[in-house]
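Those letters in the sequence shown? Residues -21 to -1, 1 to 425, per mature numbering (1 follows the signal peptide of the UniProt record, and there is no 0), in order.
We put the CB at the ideal spot given by N, CA and C, even for glycine.
Structure record follows, encoded as structure tokens.
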Amino acid sequence: MWPWLLALALPALACVPNSTAQADIQALLAAGGRGYTLSLCPGQVYDVAGPLNFTAAEQEISTEGYPTGEARAVLRVVSGMCAVRGNGAGLDGVRLRHVQVDGNRVGNAGAPGSNEGNIEVGGSNRGQVVEWVRSFNPRGWTCLHVVEGELACANATIQHNDIGPCGHDTWADWADGISLSCANSTVYNNTIVDATDGGIVIFGAPYSTVSANRVRASTRVMLGGINLVDMLPWKPDGNYSGTRVVSNFIEGGYASAAGNASRGPNAARALIKIGIGVGPKVWWAETYQNTSRGGEVSNNVLSGAFSFGVAVGGVQNFRITNNSFVGNATFIGSYGANCTQWDKTPNPPTALLREPDSLVNVEIAKRDDYGWTDGRVQGLTCFVPPPANEWAWPYGGGGFNADPTTSASTPPTPTPSEVKAQDSAATRFVPATCLTLIAAAMAALV
Ligand SMILES: *[C@@H]1O[C@H](CO)[C@@H](O)[C@H](O)[C@H]1NC(C)=O
Ligand SMILES: *[C@@H]1O[C@H](CO)[C@@H](O)[C@H](O)[C@H]1NC(C)=O
Ligand SMILES: *[C@@H]1O[C@H](CO)[C@@H](O)[C@H](O)[C@H]1NC(C)=O
Ligand SMILES: *[C@@H]1O[C@H](CO)[C@@H](O)[C@H](O)[C@H]1NC(C)=O
Ligand SMILES: *[C@@H]1O[C@H](CO)[C@@H](O)[C@H](O)[C@H]1NC(C)=O
Ligand SMILES: *[C@@H]1O[C@H](CO)[C@@H](O)[C@H](O)[C@H]1NC(C)=O
Ligand SMILES: *[C@@H]1O[C@H](CO)[C@@H](O)[C@H](O)[C@H]1NC(C)=O
Ligand SMILES: *[C@@H]1O[C@H](CO)[C@@H](O)[C@H](O)[C@H]1NC(C)=O
Ligand SMILES: *[C@@H]1O[C@H](CO)[C@@H](O)[C@H](O)[C@H]1NC(C)=O
Ligand SMILES: *[C@@H]1O[C@H](CO)[C@@H](O)[C@H](O)[C@H]1NC(C)=O
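So, in structure tokens, the structure goes:
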């Protein structure tokens, strides 16, 4: 029989109840083989001690009936730090859909030195999908890791997920929201709240498109909203060829109680230190000579409290245009002890910061009233938020004293071409010969 006839002949499989031993659930995946769907039961919690592994291409792990809210089955980590693993060999097209992954981080259980995320997918595979998944409280370093494999991961789709909280904002207890290291991938329409390292961290991931995501600091300090600061692992180092970050909405913290007419306190000191960080200098004070290449950061919208809205340092052949602010925004924080330990002291907080002598062939423009500040970009995570009781946070985000009718809580709508990773080369590198023209254009724009 043809496989599709076989599928028609079989009755719909009942969901696998949480009374089933994990080894038996794993055995179902192994026996089911290619294309098997492991259907979990709505509303049930499954304790996982070590990851549940995809074992063949095109497999799916999902909740029966595909609910989108609290009815999604919960995979709860009870030992180890990873709940689902799909980055092994031969796992093209596996799908994790409509489930919740609770890393069950109690205090800082499992956190220090941990090298796995709640979800590990990707690897040397194509066409994997993670969608309608909630992932939170990882014991490891990220809520969702899309791994590069032997630099052969491509075409992952990460969409409609709600992510966070991830990690704690105390020193080195951080975790990312989404860590993308797979090329030609699409990260679309995800909501990330209170990831404490980077909301979305892009490890080069050439030819990927990150669009229409919402990233917000609500009750924790986030180091970065969207990061393009890593040099590894794609070759040559710092490869962001065709990587596009477009039409995302990034919200730092807002006042959580009354202050004066324009600003108030924030009980959690919640803000995003760097809304969008572009280039290694922004993050690492000690590797300030490195340069990333390629990529586009456009049409993103920011609101709320940041130390820096967009910061750029150590890049070549980038296009950074039309990023803007809506509602109220403040740029706050003071020099922490680690701001002065390197050879240069970074510029104090500001909306848009760039270090001109570290930018080569970069098209850079502003959209609204905020202009670019030229200054030292170096390890900007060293800044520390104001005290909780300082009237430093703006009103907004639907919170205290916010405008209830504002469009400021709606992310920008990307054009269809901004949604998916492009099949054709998406980069619009400006030929180096135009460098002087660009310099002139920059001077006119800012
Ligand atoms: C999944 O694979 C890992 C090795 O990558 C193994 O340690 C773990 O036991 C496997 N999980 C199950 C449920 O068999
Ligand atoms: C990428 O993955 C998606 C989802 O699995 C699939 O529909 C699409 O055909 C894939 N595209 C390529 C070029 O492999
Ligand atoms: C985006 O994801 C949310 C779930 O977080 C969903 O309700 C919404 O329909 C999605 N929007 C689009 C345009 O796909
Ligand atoms: C970046 O990596 C991709 C995927 O490996 C490759 O196709 C591309 O040529 C690289 N970019 C540069 C500038 O080498
Ligand atoms: C960064 O640059 C330094 C030299 O300044 C070099 O030693 C190091 O290998 C580079 N790191 C990466 C990841 O390219
Ligand atoms: C600039 O960005 C805004 C917000 O994403 C968008 O509405 C507008 O169309 C963009 N303008 C251009 C010229 O792309
Ligand atoms: C400075 O860095 C050290 C580790 O090198 C860390 O323990 C300390 O908390 C940092 N201080 C601040 C204010 O961030
Ligand atoms: C509100 O308080 C902040 C912090 O003291 C101050 O910078 C700001 O000017 C005040 N705004 C008004 C409208 O009084
Ligand atoms: C911006 O702050 C003012 C008070 O200064 C407040 O009335 C307004 O609602 C805030 N805007 C938004 C979009 O929340
Ligand atoms: C990734 O996208 C680029 C640019 O469109 C294309 O040249 C390349 O073949 C794609 N790579 C894979 C593995 O799909």
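Residue i CB to nearest heavy atom of ligand 7 below 7 Å
i: GLY315; result: yes
i: VAL363; result: yes
Residues near residue i by beta carbon distance below 7 Å, same chain, minus five either side
i: ASP402; result: Summary for ASP402: the model assigns pLDDT 48, below 50, so the residue's position carries little reliability, and this model does not support an answer.
i: LEU338; result: VAL291, VAL294
i: THR(-2); result: none
i: ASN(-4); result: CYS20, GLN23, VAL24, TYR25
i: ALA404; result: Low confidence applies here, because ALA404 scores a pLDDT of 35, under 50, leaving its location unreliable and the question unanswered by this model.
Beta-carbon proximity of residue i to residue j, cut-off 8 Å
i: GLY231; j: LEU250; result: yes
i: SER114; j: ASN94; result: no
i: THR175; j: VAL208; result: no
i: GLY65; j: GLN1; result: no
i: TYR367; j: ALA246; result: Per the sequence presented here, residue 367 reads as Ala, with Tyr not at that position. In this structure, ALA246 lies closer than 8 Å to ALA367 by Cβ.
i: ASN32; j: GLY67; result: yes
i: GLY283; j: PRO383; result: no
i: ILE253; j: THR300; result: no
i: ASP71; j: ALA36; result: yes
i: ASP173; j: ALA151; result: no
i: GLY128; j: GLY102; result: yes
i: ASN218; j: ARG272; result: yes
i: GLY119; j: CYS61; result: yes
Min CB distance residue i to chain B below 8 Å
i: ASP81; result: Of the protein chains in this structure there is only one, and it is not chain B.
Heavy atom of ligand 9 within 7 Å of residue i beta-carbon
i: ASN218; result: no
i: ASN380; result: yes
Which residues DSSP lists as bridging residue i, in chain order
i: PHE33; result: In DSSP, PHE33 forms no bridge with anything.
i: PHE285; result: ILE251, PHE310
i: GLU127; result: Bridge partners of GLU127: none, in fact.
i: VAL225; result: SER190, SER277
i: residue 428; result: For residue 428 there is no data in the structure shown, the boundaries of the chain being -21 and 425.
i: ASP155; result: THR121
i: ALA330; result: DSSP output for ALA330 lists no bridge partner at all.
i: VAL208; result: Bridge partners of VAL208: none, in fact.
i: ASP353; result: ARG333
Own chain residues within Cβ distance below 6 Å of residue i, not counting five before or after
i: VAL194; result: ILE171, GLY178, GLY204, ILE229
i: ARG55; result: VAL24, ASP26, ASP81, ASN83
i: ARG51; result: THR42, HIS77, VAL78, GLN79
i: ILE40; result: LEU17, LEU75
i: CYS361; result: GLY315, ASN317, CYS318
i: ASN168; result: GLN138, HIS139, ALA191
i: ALA133; result: ARG105, ALA162, ASN163
i: PRO365; result: ILE311, ALA371
i: GLN38; result: TYR15, VAL73
i: LYS323; result: ARG355, GLN357
i: THR392; result: none
i: PHE297; result: GLY274, VAL341
i: ARG13; result: ALA35, ALA36, GLU37
i: THR121; result: GLY96, ALA154, ASP155, SER158
Check: residue i C-beta below 7 Å from any heavy atom of ligand 8
i: ASN94; result: no
i: VAL242; result: Here residue 242 is Arg; the residue named in the question, Val, does not match the sequence. Checking every heavy atom of ligand 8 against the Cβ of ARG242, one is found closer than 7 Å.
i: ALA234; result: no
Cβ shell of residue i (< 8 Å), same chain only, five flanking positions each side left out
i: VAL356; result: GLY258, LYS260, VAL261, ALA290, VAL291, GLY292, GLY293, PRO325, ASN326, LEU332, ARG333, GLU334, SER337
i: GLU397; result: THR188, SER190, ALA191, ARG223, VAL225, SER226, ASN278
i: PHE379; result: TYR233, ALA234, SER235, ALA236, ALA237, GLY243
i: ASN302; result: ILE255, VAL276, SER277, ASN278, ASN279, VAL280, LEU281, GLY288, VAL289, LEU331, LYS345, ARG346
i: ILE4; result: VAL(-6), LEU17, TYR25, LEU31
i: PHE182; result: GLU127, SER158, LEU159, SER160, ASP209, LEU211, PRO212, TRP213
beta-carbon residue i near ligand 1 non-hydrogen atom, thresh 7 Å
i: GLN1; result: yes
i: LEU70; result: no
heavy atom of ligand 5 below 7 Å from residue i C-beta
i: LEU211; result: yes
Residue i: CB within 7 Å of a non-hydrogen atom of ligand 3
i: ASN168; result: yes
Residue i beta carbon near ligand 10 (any heavy atom closer than 7 Å)
i: ASN104; result: no
Any non-hydrogen atom of ligand 4 within 7 Å of residue i CB
i: PRO393; result: no
Residue i: CB within 7 Å of a non-hydrogen atom of ligand 6
i: SER164; result: no
i: SER396; result: no
Between the region 289 to 306 and the region 320 to 336, are three or more C-beta pairs nearer than 8 Å?
A contact exists between the region 289 to 306 and the region 320 to 336.
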